[in-house]
């Protein structure tokens, strides 16, 4: 196990992705590589995977699976909520600031080209842990912000954001996914399928297009 740390307040996600790439490059003897990331770390891995497969490049065949814990896959409403407050800019820099302008960052992420699963935190009651956020949440990230089409399995656990990364039940599910490609059993998988692509040939030419 290699714990890859990054100075989140001193550089952007692109820089941290480059640092991760250098770590992978120095693992010539590794035969199998999996990723487990929490929160912003999930975006660092996504950026790295998008970088290494840019312009038609093939993914390193050693990379097999990726588990995301509480990922802000669509930015974070909480960051946007506090963005107008001056002290926010002093306390949160680097990767944290990028969550307030996610449209630009999202251009460099993409869907992981390897098998991946997502564990999100929430109450499953329609209201989350944070009264400032709309819908379900883990106190920091809204449930809807964690979802990413293409996930092989997606689960919601009754856990807060920071607890997701250290709860025994959560970690047991991580290990199961890394071994088998699902969090509990194959029959209980809850994938997030890609939206169907509508080809030009499937559109009825008699329909008016506004």
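Residue numbers (the numbering used here): 372 to 581. For each residue, glycine too, the CB sits at the ideal point set by N, CA and C.
Taken atom to atom, the span from the alpha-carbon of residue 398 to that of residue 533 is near 29 Å. In the three-state reduction of the DSSP assignment, residue 535 falls in the helix class.
Residue 541 sits buried, since 16 or more C-beta atoms from the chains shown fall within 10 Å of its C-beta. Ranked by Cα distance from residue 537, the first of 410, 391, 507 and 553 is 410. Within the region 390 to 439, the complete beta strand (DSSP E) segments at least 3 residues long are 404 to 409, listed from N- to C-terminus. With respect to residue 519, residue 482 sits close: the two C-beta atoms are nearer than 9 Å. Between residue 408 and residue 438, the gap from beta carbon to beta carbon is short of 9 Å. Contact between the region 512 to 527 and the region 485 to 495 is present: three or more C-beta pairs spanning the two stretches fall below 8 Å. Rounded to whole angstroms, the gap between the alpha carbons of residue 417 and residue 372 is 19 Å.
The C-beta of residue 550 has fewer than 16 other C-beta atoms within 10 Å across all chains shown, which makes the residue exposed.
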